[in-house]
Amino acid sequence: MSVRILDVGCGADSVAKVVFDWIEDKEITRLDGNADAKPDILHDITEPLPQELRNSFDIVYMSHVLEHIDRDKVINTFRYTISALKNMGEAWIIVPSLEWAAGEIIKKNDGIHIQGMLYGSQLAPLEFHRVGFTLMGLRQLAEVCGLLVRKAYQAPFDVHLAERRFHCVQNVVVAMRYDSARE
Numbered sequence: 363m364s365v366r367i368l369d370v371g372c373g374a375d376s377v378a379k380v381v382f383d384w385i386e387d388k389e390i391t392r393l394d395g396n397a398d399a400k401p402d403i404l405h406d407i408t409e410p411l412p413q414e415l416r417n418s419f420d421i422v423y424m425s426h427v428l429e430h431i432d433r434d435k436v437i438n439t440f441r442y443t444i445s446a447l448k449n450m451g452e453a454w455i456i457v458p459s460l461e462w463a464a465g466e467i468i469k470k471n472d473g474i475h476i477q478g479m480l481y482g483s484q485l486a487p488l489e490f491h492r493v494g495f496t497l498m499g500l501r502q503l504a505e506v507c508g509l510l511v512r513k514a515y516q517a518p519f520d521v522h523l524a525e526r527r528f529h530c531v532q533n534v535v536v537a538m539r540y541d542s543a544r545e
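Here the sequence shown is numbered in our numbering, starting from 363 and rising by one per residue.
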């Protein structure tokens, strides 16, 4: 049976196919609020998901999406997106590391890459960061929304700005929906 993956905020260049290349039999559905990304599903994630998407995915993947949501809408937006998970499904949430960026500033390593981590590229209306997350804060978001955190860690990733490559850090939480009443 095929693993169904919902790539939330996929953008024009979805990375879910690379991240989940280890899963042989998979079906990736791309969801984005920007029509220019040409997603499979055009939807504003600050609104509830259509009924046909709820409880139907094994994995909900959100890479560098939540930081673009207004702070007062983050919890509901996350709840809406994880409503797509089947029981025992996993949410993979990845955001820039606020504590790493703060540490770099304290070490006087501030630069364009740190500004980008904190505030986004700001090259287009949807590329502004509106909220930041520490690893603990991201973990707590998953728990508050009823998920069981399986993994919480920091991982390296590269940012390319002004024809340079910067080594940065992102926060990653993998959490599972477990509804014992549905077993």
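Each residue gets a CB set at the ideal place from its N, CA and C atoms; glycine is no exception.
Three-state secondary structure assigned by DSSP to residue i
i           : result
residue 436 : helix
residue 340 : Here the chain comprises residues numbered 363 to 545, so residue 340 is not present and cannot be evaluated.
residue 516 : strand
residue 492 : coil
residue 545 : In this prediction, residue 545 has a pLDDT of 47, which is less than 50 and means its spatial position is unreliable; nothing more can be read from the coordinates.
residue 368 : strand
residue 408 : coil
Continuous alpha helix (DSSP H) stretch holding residue i: start and end
i           : result
residue 379 : 378 to 381
residue 475 : 474 to 481
Same chain only: Cβ atoms within 7 Å of residue i, ignoring 5 sequence neighbours per side
i           : result
residue 416 : 445 and 446
residue 501 : 511, 514 and 535
residue 523 : 474, 475 and 478
Sequence-distant residues of the same chain with beta carbon closer than 8 Å to residue i, five excluded per side
i           : result
residue 493 : 428, 429, 431, 432, 433 and 436
Buried versus exposed, by CB contacts within 10 Å (16 or more), residue i
i           : result
residue 486 : exposed
residue 510 : exposed
residue 556 : Lying before the first or after the last residue shown, residue 556 is absent from the chain, which here runs from 363 to 545.
residue 466 : buried
residue 527 : exposed
Residues near residue i in its chain [Cβ-Cβ closer than 6 Å; skip 5 each side]
i           : result
residue 517 : 532 and 534
Bounding residues of the beta strand (DSSP E) (the contiguous stretch that carries residue i)
i           : result
residue 534 : 526 to 539
residue 453 : 447 to 458
residue 485 : No beta strand (DSSP E) holds residue 485; DSSP gives it neither H nor E.
residue 392 : 388 to 394
For residue j and residue i, believed in contact at Cβ under 8 Å, the rounded distance
i           : j           : result
residue 367 : residue 420 : 7 Å
residue 398 : residue 372 : Their Cβ separation, rounded to whole angstroms, is 12 Å, which puts residue 398 and residue 372 out of contact at 8 Å.
residue 389 : residue 364 : 5 Å
residue 539 : residue 451 : 5 Å
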